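Below is one structure, written out as structure tokens; comments come after it.
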Ligand SMILES: C[S@@+](CC[C@H](N)C(=O)[O-])C[C@H]1O[C@@H](n2cnc3c(N)ncnc32)[C@H](O)[C@@H]1O
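Residue numbers (the numbering used here): 960 to 1232.
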């Protein structure tokens, strides 16, 4: 990292859990770590916060009935407490984003409307809501509802008047073989078709809500430039960090579970092989 970024990190009183070049991980509650980062210091934030859906339900995976519970971190604390948490981390993120910076937040209906409400209450300017369609989504067990097969990803700018990065030509003319909906040389639309993570993305272990690399690659290439600083306050297995490193961006990830940070380290080490 260059001097400016090292300065940013030296302000954080918690020591990094792991640091190698432009890839830094912090262990702890994101509200605590974010509060130590300087104002206007980050170009882009991707956040995949708790969905608050781990309340004893069941789904199907590989033909077997499985619990939908992801972990204690995903248990709902009730509507108002869940909302307050989303409001507080989005507020903390707004302070550290640069004036032209943008934030992406992903979720299902359990969480995304609360995040959208909090974003608007905090004065973010919404740019898009992306529908990530999963052609290989698990079937619905009860047969009393439609099969849940998408997540919503809201893209918002810190400031209504800011000038955000959007790499339009790369999105329009790039090569997107994973997406059956993207037609060559036509504008990129807001519905993206991509499968869940491939087996090789899970070879060092599985995070229960791991995002596919293809998704983070597209988000990063569309909204950042080389050497930008990207932060993920709920980094999990650090899909955001791996895609950042693969595309020459600097990365700061935060998670309160050491097991996931260990998984992140293994994924990062694999890039160097
Ligand atoms: C939905 S998962 C993120 C998965 C990640 N996008 C990936 O591709 O692996 C959310 C993560 O947030 C972490 N988490 C939950 N609450 C947190 C908090 N208050 N501070 C930091 N991390 C938190 C959980 O441990 C979990 O790993």
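The beta carbon of each residue, even a glycine, is placed where N, CA and C say it ideally should be. It should be emphasised that the depicted structure is a prediction, and the values quoted were computed from it without experimental measurement.
Apart from the five residues just before and just after residue i, which ones in its own chain have a Cβ nearer than 6 Å to its Cβ?
| i | result |
| --- | --- |
| residue 1099 | 1106 |
| residue 1146 | 1131 |
| residue 1054 | 998 |
| residue 1149 | 1087 and 1089 |
For residue i versus residue j, is the C-beta distance shorter than 7 Å?
| i | j | result |
| --- | --- | --- |
| residue 1171 | residue 1192 | no |
| residue 1195 | residue 1219 | yes |
| residue 1056 | residue 1081 | no |
| residue 1119 | residue 1084 | yes |
| residue 1003 | residue 1189 | yes |
| residue 1086 | residue 1116 | yes |
| residue 1141 | residue 981 | no |
| residue 1135 | residue 1063 | no |
| residue 1065 | residue 1007 | yes |
| residue 1185 | residue 1212 | no |
| residue 976 | residue 984 | yes |
| residue 1129 | residue 1153 | no |
| residue 1123 | residue 1061 | yes |
| residue 1059 | residue 1133 | no |
Indicate, with yes or no, if ligand 1 has a heavy atom lying under 6 Å from the CB of residue i.
| i | result |
| --- | --- |
| residue 1009 | yes |
| residue 1163 | no |
| residue 1196 | yes |
| residue 1193 | yes |
| residue 1189 | no |
| residue 978 | no |
| residue 1224 | no |
| residue 1079 | no |
| residue 1218 | no |
| residue 1173 | no |
With a threshold of 7 Å on Cβ separation, who are the neighbours of residue i within its own chain once the five nearest residues in sequence on each side are excluded?
| i | result |
| --- | --- |
| residue 1125 | 1181 and 1182 |
| residue 990 | 1047, 1048 and 1051 |
| residue 1166 | 1195, 1196, 1219 and 1222 |
| residue 1073 | 1041, 1042 and 1045 |
| residue 972 | 995 |
| residue 964 | 1188 and 1209 |
| residue 1144 | 1131 and 1132 |
Quick one: residues in its chain with C-beta nearer than 8 Å to the C-beta of residue i, no 5 flanking neighbours on either side, listed in chain order?
| i | result |
| --- | --- |
| residue 1067 | 1010, 1012, 1107, 1110 and 1111 |
| residue 1215 | 986, 987, 988, 989 and 1032 |
| residue 1076 | 1042 |
| residue 1217 | 976 and 986 |
Original post:
Does the count of Cβ pairs from the segment 1097-1108 and the segment 994-1003 closer than 8 Å reach three?
Top reply: no
Original post:
At a cut of 8 Å, does the segment 1034-1045 reach the segment 1082-1097 through at least three beta carbon pairs?
Top reply: no
**OP:** Check whether the segment 1202-1210 touches the segment 1162-1180, counting contact only when three or more Cβ pairs, one atom from each stretch, lie closer than 8 Å.
**Re:** yes
Original post:
At what residue ranges does the segment 1142-1192 contain a whole run of the alpha helix (DSSP H), taking only runs of 4 or more?
Top reply: 1172-1182
Original post:
Which ranges would you report for the beta strand (DSSP E) in the segment 1069-1093 if only whole runs of at least 3 residues count?
Top reply: The beta strand (DSSP E) runs of length 3 or more contained entirely in the segment 1069-1093 are, from start to end of the chain, 1084-1092.
**OP:** With a floor of 3 residues, list each beta strand (DSSP E) that falls wholly inside the segment 968-1034, ordered by position along the chain.
**Re:** Counting only runs of 3 or more, we get 977-979, 982-986, 1001-1006, 1017-1020 and 1023-1026.
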